[in-house]
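J.: Listed in order, the protein sequences are those of chains A and B.
Residue 51 is where the first sequence starts when you use this note's numbering, and the numbers rise one by one after that.
Residue 832 is where the second sequence starts when you use this note's numbering, and the numbers rise one by one after that.
No residue lacks a Cβ here, since even glycine has one placed at the ideal position from N, Cα and C.
The structure is given below, and queries will be raised subsequently.
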Amino acid sequence: MTLAPHLDSKYIVRGELALGGLRDLAPSLRYASLLTEDGFSVVSVAGKEFDSNRFASMASSTQALADAVARELQLGDNEFVIVAAAHGHVVQVRVDDHPLVLAALFTDKETIGISLTAARRTARRLKTLLMAN
Amino acid sequence: MAEHVILFAGPMGAGKTSAIRALSEIDVVSTEAANSDRSVADKPTTTVALDYGEIGINEAEKVRLYGVPGQRRFDFMWTILAERAEGVLLLVNADADNPVETAIEYVKEFFALYERGGIVIGLTRADLVPRALIEEYANALADEMPDVMIPVLTVDARSQEEMMTLLMTLIANIELKQAVADSIGVGVGSGGRRAR
């Protein structure tokens, strides 16, 4: 039986490695989580004030709703989700070929463009890390 | 056109998505994701935000059907969607662990909607257990909440006809409660029947 990603050390260790590099790409990172698409937290970094399980659940719902909107409007595959608020923004991207979502919260000191680029690079790096044996 | 907003709640694997698909006259909007927790419900996908469908019950009334995720980790969606709803169609799979306790737990969780409009319970998968007596559920509810009246029926969540019976039972309860409230000049809170 295949282990779920949030219980699989391969995902946890490589996820930590990938998320560790995210802050170097975008120093205003406040919190980041790698989660299964059904809302289990695999690994998270920074932001001890956040409830990792709740953040993962909300990110899962947000991702699914955005995917549903793209599907209903026949826009093709949803590429990313951005929630921009007065004091920061959340960027979410899927990890290709895996049932995983990377969700990262940045302060308003970062531009959304830099945050999005950093999140996408991190997701691609994680995909590469997961390809290795 | 008048409309009702009905929530479909209950544990993972009870048949909420199937029920909305059976009832809806439009293509159901679903938010399913790969299910990582096969120990709770052995199915490939699970709802993580909502299901949405619609059905007309006559020429003048439309029902909006919202399904919520079954897992408690998504309870923020329960709160969001309950704000607009006027009743809950609670599905409980009779072959789960402690289904009677689960039913009571969910009734308590959505009790504000009972007071606003109503709750009905549909027991699904009842054919898979040796005995799933409706009386057990009714008696447990009566013991726990003596002044509460909640209909309990066994249903096949995939059956349009059976789900329609359950839905109409709920709507009748909501309309009765609304009529009583109107007759004595008492509001039933937000989320009541709307006219568009």
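Is the segment 833-842 of chain B touching the segment 890-908 of chain B, taking contact as three or more C-beta pairs under 8 angstroms?
T.: Yes: the two stretches touch, three or more of their Cβ pairs being nearer than 8 angstroms.
J.: Tell me the residue span of the alpha helix (DSSP H) that contains R175 of chain A.
T.: Unbroken alpha helix (DSSP H) run through R175 of chain A: 162-181.
J.: Please specify which runs of the beta strand (DSSP E), each continuous and at least 3 residues long, are wholly inside the segment 940-1016 of chain B, giving them in chain order.
T.: Runs found: 950-955, 983-985.
J.: Would you list the residues sitting across from L150 of chain A in a DSSP beta bridge?
T.: According to DSSP, which records beta bridges pairwise, L150 of chain A is partnered with A:T86, A:V145.
J.: Give every residue of the same chain whose Cβ lies closer than 8 angstroms to the Cβ of P55 of chain A, excluding the five residues on either side of it in the sequence, and list them in chain order.
T.: Answer for P55 of chain A: Y61, T86, F90, V92, H148, P149, L150, listed in chain order.
J.: My understanding is that V919 of chain B touches M908 of chain B, with C-beta atoms under 8 angstroms, so please give their C-beta distance in whole angstroms.
T.: Between M908 of chain B and V919 of chain B the Cβ distance is about 14 angstroms, and since that is not below 8 angstroms, they are no contact.
J.: Between the C-alpha atoms of E993 of chain B and F100 of chain A, what's the straight-line distance to the nearest angstrom?
T.: Using only the alpha carbons, I get a separation of about 44 angstroms.
J.: Kindly list the residues whose CB is nearer than 6 angstroms to the CB of R170 of chain A, restricted to its own chain and excluding five residues on each side of it in sequence; keep chain order.
T.: Result list for R170 of chain A: V143, in chain order.
J.: Excluding the five sequence neighbours on either side, which residues of its own chain have a C-beta within less than 6 angstroms of the C-beta of A173 of chain A, listed in chain order?
T.: Closer than 6 angstroms at Cβ, skipping near neighbours: V143, V145, L152.
J.: Is there contact here, the segment 57-77 of chain A with the segment 118-126 of chain A, by at least three beta-carbon pairs under 8 angstroms?
T.: The segment 57-77 of chain A is not in contact with the segment 118-126 of chain A.
J.: Just the chain A side, please: which residues come within less than 8 angstroms of S861 of chain B by C-beta, in chain order?
T.: A118, listed in chain order.
J.: Starting from I886 of chain B, follow its DSSP beta bridges and name the residues at the other end.
T.: I886 of chain B is bridged to B:V894.
J.: Have a look at A:L75, A:S78, A:P77, A:S94 and flag the residue whose alpha-carbon is nearest the alpha-carbon of L84 of chain A.
T.: When each option's Cα is compared against that of L84 of chain A, the closest is A:S94.
J.: Near A96 of chain A, which residues of its chain fall below 8 angstroms by C-beta distance, leaving aside the five closest residues on each side in sequence?
T.: Taken in chain order, the residues that qualify are R73, L79, R80, Y81, A82.
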